[in-house]
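For reference, the structure discussed in these notes is given below.
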Amino acid sequence: MNFTHIKIETLILVAIWEQPSIFQGCFKISTLKNEQEEYFFFRCELNNSIDFLGHEFHPDNYCFTHFYCKEEKIDLDNGGESIEYALYILKYALYITIKEMLTHRNQKHQFLYMDDVVLESLVQKIKPILNQSSLWSEAMKEIGFAVAMDFCPQEAMAEIAVQTLLSHFSELKV
1 MNFTHIKIET
11 LILVAIWEQP
21 SIFQGCFKIS
31 TLKNEQEEYF
41 FFRCELNNSI
51 DFLGHEFHPD
61 NYCFTHFYCK
71 EEKIDLDNGG
81 ESIEYALYIL
91 KYALYITIKE
101 MLTHRNQKHQ
111 FLYMDDVVLE
121 SLVQKIKPIL
131 NQSSLWSEAM
141 KEIGFAVAMD
151 FCPQEAMAEI
161 AVQTLLSHFS
171 ELKV
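Sequential numbering from 1 applies to the sequence shown in our numbering.
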């Protein structure tokens, strides 16, 4: 079986550290050969976020309440096994990003966007993603917090997850 290697870039735009913690952002999924790119916007609630660094990854602590591909909302509640596999990978990528954000936050300026003018500026920087223009440009480094990780499947279940991500969460036969 041929396995498709991908890169998952997670950009966190909003982090609310109350219980449950809420994160909003974007996943960029691309093949390592840059043959294909997919973008997913999300809102995720994280339960048990107190002492985050002291706990191992547990996928049940993460709940995507909103999930979009382009302007289309993706219903994750009615998914089968292939969607569960794909969500597991994205939850893990989010976990790694949050962990990096907490352990390396002093290495980057943390911006707090408060007023409508700055919020509109932020929206204008994100619009290229919605319009599928050239993405993840230098301007994107000025907003949010991003972490990239390679994912190279070694088994059929992981390959099914990758194909589900690349197919906009179309249900695949397991």
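C-beta atoms are modelled at their ideal positions from N, C-alpha and C, and glycine is treated no differently.
Unbroken beta strand (DSSP E) run spanning residue i, endpoints
{"i": "Thr103", "result": "Note, Thr103: premise wrong, no beta strand (DSSP E); alpha helix (DSSP H) at Glu81 to Thr103."}
{"i": "Cys44", "result": "Glu37 to Leu46"}
{"i": "Ser30", "result": "Ser21 to Thr31"}
{"i": "Glu180", "result": "What the structure shows of the chain is the stretch from 1 to 174, and residue 180 is not part of that stretch, so it cannot be assessed."}
{"i": "Met149", "result": "Phe145 to Phe151"}
{"i": "His66", "result": "Tyr62 to Cys69"}
Straight-line gap, residue i to residue j (C-alpha atoms, nearest Å)
{"i": "Ile12", "j": "Cys63", "result": "15 Å"}
{"i": "Thr103", "j": "Tyr95", "result": "12 Å"}
{"i": "Cys69", "j": "Tyr39", "result": "6 Å"}
{"i": "Cys26", "j": "Met149", "result": "14 Å"}
{"i": "Asn47", "j": "Asn34", "result": "34 Å"}
{"i": "Gln36", "j": "Ile22", "result": "29 Å"}
{"i": "Leu53", "j": "Ile6", "result": "26 Å"}
{"i": "Val14", "j": "Ile8", "result": "18 Å"}
{"i": "Lys28", "j": "Asp77", "result": "22 Å"}
{"i": "Ala93", "j": "Glu100", "result": "11 Å"}
{"i": "Arg43", "j": "Met1", "result": "34 Å"}
{"i": "Leu87", "j": "Glu18", "result": "23 Å"}
{"i": "Glu186", "j": "Phe67", "result": "Residue 186 lies beyond the residue range present for the chain, which begins at 1 and ends at 174; the question has no answer from this structure."}
{"i": "Val147", "j": "His58", "result": "19 Å"}
{"i": "His157", "j": "Glu71", "result": "Reading off the sequence shown, one finds Met at residue 157, where the question assumed His. The alpha-carbon atoms of Met157 and Glu71 are separated by roughly 28 Å."}
Unbroken alpha helix (DSSP H) run spanning residue i, endpoints
{"i": "Ile175", "result": "Nothing in the structure corresponds to residue 175, since the chain is present only between 1 and 174."}
CB contact check: residue i to chain C, cutoff 8 Å
{"i": "Thr97", "result": "The structure shown contains no chain C; it is built from a single protein chain."}
Residue environment, residue i, which counts as buried when at least 16 other CB atoms sit within 10 Å
{"i": "Thr97", "result": "buried"}
{"i": "Thr65", "result": "exposed"}
{"i": "Phe145", "result": "buried"}
{"i": "Leu32", "result": "exposed"}
{"i": "Ser30", "result": "buried"}
{"i": "Phe41", "result": "buried"}
{"i": "Phe3", "result": "exposed"}
Rounded Cβ spacing between residue i and residue j (contact assumed at less than 8 Å)
{"i": "Phe151", "j": "Ile89", "result": "6 Å"}
Requested in this report: Report yes or no: do three or more beta-carbon pairs, one from the stretch 79-91 and one from the stretch 159-167, lie closer than 8 Å?
Outcome: yes
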